[in-house]
Amino acid sequence: MKFLNSFLGLVLLAFMQILQAQQSVKSILPLFSQKKQVEWAVQTDRNESVPVKWYERESSFAVEGIRTFVGYYNEQLVGALSVQRNDISGSIQWVGKAYHIDTRQGKVVISTSGADMNCGTCSGNFCASDSAEEKSFLRVDYKKQKFVYTDPVLRVYRLAITIDYSYFSRTFGFNKARVRGY
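Residues 0 to 181 (numbering that gives the first Met the number 0) make up the sequence shown, in order.
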């Protein structure tokens with residue numbers, strides 16, 4: 000009986016942390032309605048708060064009411080975000096993990112991608128569209144270079160894949176056709 004009470008207490012504690020981590024979309028949207036840089040701290044699965052500075056970028060989707068933001072931490076690109084009337088979606092890369100930001104039932108939900116996720120033509124660690132080249136997982140080192148992560152998750156982007164200049168020059172040899180093929 001004591002074990003059961005302890006177990007139920009732990010489950011309740013975990014559930015309360017999940018509820019606290021989810022923020023209401025209505026409380027976040029006013030931040031992004033400003034015309035200046037926005038600082039919104041994203042909660043990770045390690046219960047740490049990542050203070051990301053978001054900057055709006057012009058896009059052709061603005062006429063449809065979709066605003067696009069890119070996020071930086073210590074001048075390093077860490078994420079992209081799309082904001083619509085009652086919807087926020089995007090992703091950030093933090094300490095070797097990709098965190099997906101979605102809106103569900105009026106709450107912002109932040110989740111990580113796992114190796115067992117199925118998406119499009121991807122299953123496990125294999126994507127049918129993978130090239131013969133071995134993909135490298137880049138380590139975060141905020142002091143040396145800027146990185147954009149690659150992982151075996153198929154993503155469809157509305158605007159573009161954000162690739163910083165050092166990654167572009169090193170990986171694609173300044174060849175824009177190779178970037179489009181990627």
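We put the beta carbon where it would ideally sit given N, CA and C, even for glycine.
In the DSSP assignment, P29 forms no beta bridge with any residue. At a Cβ-Cβ threshold of 7 Å, V51 and V107 do not count as neighbours. For I109 against V41, the beta-carbon gap comes to about 6 Å, under 8 Å, which counts as contact. Here the alpha carbons of E47 and Y72 stand approximately 14 Å from one another. With a 10 Å radius around the Cβ and a threshold of 16 neighbouring Cβ atoms, Y98 comes out buried. S32 is the residue among S32, K96 and D163 whose C-alpha sits nearest the C-alpha of R84. Relative to R103, the option among L28, D86, V94 and K175 whose CA is nearest is D86. Residue pairing by DSSP leaves Q104 without any beta bridge partner. Under DSSP, Q92 shares a beta bridge with A97. In this model, V62 and G70 are separated by some 22 Å (Cα to Cα).
Across the set V178, E74, D44 and K35, the C-alpha of K35 shows the shortest separation from the C-alpha of E57. By a beta-carbon distance limit of 8 Å, S81 contacts T67. Their separation comes to about 6 Å.
Counted as a single uninterrupted DSSP element, the beta strand (DSSP E) harbouring R56 occupies residues S48 to R56. The closest CA to that of K96, considering only D44, F167 and P29, is found on D44.
The three-state reading of DSSP puts G64 in coil, since its state is none of H, G, I, E or B. When DSSP states are grouped into helix, strand and coil, T111 belongs to the strand group.
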